[in-house]
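From first to last, the protein sequence lines are chains A and B. Residue numbers for the first sequence follow the working numbering, so the first one is 1 and each next one is one higher. Residue numbers for the second sequence follow the working numbering, so the first one is 138 and each next one is one higher. Even for Gly, the Cβ is constructed at its ideal location relative to N, Cα and C. Treat the numbers as computed from the prediction; the structure is a model and nothing was measured. Notes to accompany the following structure.
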Amino acid sequence: MGYLSGNEALAKDMAQEVFIKVWQYLKDFRGEATISTWIFRITVNTCLQELRKKKTKSLKIDIASNEANEDPESEKQFASMYRCINKLSAENKSIILLELEGLPQKEIAAITGLNHAAIRTRIHRIKDQLSKCVKNE
Amino acid sequence: MNDFQHIKEQWQQHQTPLPNTNINEIIERSQEIKRKQQITKIVLGITVLILMAFFFYVSAYKNTRAFWGLGLMIGSLCIRIIMEYFSSLKKERFPLYQNMLAFNQQLVNYYKSRRMIHYLWTPVLFASYVFGFVLLLPVFKQQLSIGFFKYIIVSSIIIFIALAVLIGFQVRKELKIIKSLQ
Numbered sequence: 001m002g003y004l005s006g007n008e009a010l011a012k013d014m015a016q017e018v019f020i021k022v023w024q025y026l027k028d029f030r031g032e033a034t035i036s037t038w039i040f041r042i043t044v045n046t047c048l049q050e051l052r053k054k055k056t057k058s059l060k061i062d063i064a065s066n067e068a069n070e071d072p073e074s075e076k077q078f079a080s081m082y083r084c085i086n087k088l089s090a091e092n093k094s095i096i097l098l099e100l101e102g103l104p105q106k107e108i109a110a111i112t113g114l115n116h117a118a119i120r121t122r123i124h125r126i127k128d129q130l131s132k133c134v135k136n137e
Numbered sequence: 138m139n140d141f142q143h144i145k146e147q148w149q150q151h152q153t154p155l156p157n158t159n160i161n162e163i164i165e166r167s168q169e170i171k172r173k174q175q176i177t178k179i180v181l182g183i184t185v186l187i188l189m190a191f192f193f194y195v196s197a198y199k200n201t202r203a204f205w206g207l208g209l210m211i212g213s214l215c216i217r218i219i220m221e222y223f224s225s226l227k228k229e230r231f232p233l234y235q236n237m238l239a240f241n242q243q244l245v246n247y248y249k250s251r252r253m254i255h256y257l258w259t260p261v262l263f264a265s266y267v268f269g270f271v272l273l274l275p276v277f278k279q280q281l282s283i284g285f286f287k288y289i290i291v292s293s294i295i296i297f298i299a300l301a302v303l304i305g306f307q308v309r310k311e312l313k314i315i316k317s318l319q
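Written out as structure tokens, the structure is:
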């Protein structure tokens, strides 16, 4: 959802695309990483690849339907969160979305290919950037 | 609680909608993709065969000018189609399960190698295609009515300009992708 500014329909399409890729590559899984890391890698790479193809289209900020019950203030906050995430570089966007999902930094390092220390520093920097952006929105 | 912690908590409370896909649909889509790839190969093969058959049908090999004209046009078109096909095949083979940095690097190298196609091969092949057409003009003039000959010249100029603009847009798009990857 974070990659697509909360656009639920596009997120569902992308999720289906990821499932198909996982199915296609399953025979190549050698157990060198955990299955969750392996699936997250496919997810991150698929999202980045698809976003590049659609780069020319401006992403519409559109909040998912399950938020229909939420109060307008929360909706507004989510919209600004998506806008701020969208301002980050593609790599930083992936890293912070994994952090927001609550993944351990060690796993984020394995998914992205950066070392643990670099991830820690990078996350710290993006956190500041994102917090400031959300505050100023 | 700091600002980011607040954002994170909100994020995690937010339910992510699940796609309504079952395993059979995924298998079906996956097989459909493979089928489409097979169809592309067949269509490409047939296109090349039809172009070659057309070349022999018009007995172009008997007339030197028509031979070179048609040969250049068909040849450059076939070479470009085959180049594009193999290039896209190469990209599809990049394993998506490698880490993000390695995958990104592979994509950067791929798009950089495509600059060679865009800046060298495409202009050369495009020029030889146009040159082949120019070689054919006297043959057209000899065998077609004045009106139809003029129509061919005007329409081909429009087509060549449109093609050059289209190629230019595509190159610009790919250069933007390289920039976004770095």
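Query	Result
Short Cβ contact (8 Å threshold) for Tyr234 (chain B) with Tyr25 (chain A)	yes
Environment of Met189 (chain B) [buried if 16+ CB atoms lie within 10 Å]	exposed
8 Å Cβ cut-off: residues of chain B touching Asn136 (chain A)	None at all; the shortest Cβ gap to chain B is about 11 Å.
Partner residues on chain B for Lys35 (chain A), Cβ-Cβ distance less than 7 Å	Going by the sequence as given, residue 35 (chain A) is Ile instead of Lys. Those do not exist, as Ile35 (chain A) stays about 10 Å from chain B at its closest Cβ, beyond 7 Å.
Tyr288 (chain B) burial status per 10 Å Cβ neighbour count (16 or more: buried)	exposed
Where the alpha helix (DSSP H) containing His143 (chain B) begins and where it ends	140-150
From A:Lys132, A:Ala9, A:Glu101, A:Cys47, residue whose alpha carbon lies closest to that of Met237 (chain B)	A:Cys47
Pairwise C-alpha distance: Ser196 (chain B) and Ile314 (chain B)	45 Å
Sufficient close CB pairs (3 or more, under 8 Å) joining the stretch 241-249 of chain B to the stretch 213-233 of chain B	yes
DSSP three-state assignment for Gln280 (chain B), whether helix, strand or coil	helix
Chain-ordered neighbours of Asn236 (chain B) on chain A, where CB pairs are closer than 8 Å	Arg41, Ala110, Ile111, Thr112, Gly113
Start-to-end residues for the alpha helix (DSSP H) that takes in Asn241 (chain B)	237-253
Backbone secondary structure at Ala64 (chain A) - three-state DSSP	Bear in mind that a pLDDT of 47 at Ala64 (chain A), under 50, signals an unreliable position, so the model cannot answer this.
Close beta carbons around Val22 (chain A), own chain, < 7 Å, minus the five adjacent residues each side	Ile39, Ile42
Inter-residue spacing [alpha-carbon to alpha-carbon] between Ser317 (chain B) and Leu186 (chain B)	39 Å
Pick from A:Ser94, A:Lys132, A:Asn136 that is closest to Phe141 (chain B), judged by C-alpha positions	A:Lys132
8 Å Cβ cutoff, Arg309 (chain B) in contact with chain A	no
Minimum Cβ-Cβ distance from Gln147 (chain B) to chain C less than 8 Å	No chain C is part of this structure, whose protein chains are labelled A and B.
Minimum C-alpha distance to Lys93 (chain A) - residue among A:Glu107, A:Lys76, A:Lys127	A:Lys127
Neighbour flag for His255 (chain B) against chain A, beta carbons, 8 Å	no
Proximity below 8 Å, CB of Leu207 (chain B) to CB of Leu281 (chain B)	no
Beta-carbon proximity check, Leu114 (chain A) vs Arg125 (chain A), cutoff 8 Å	no
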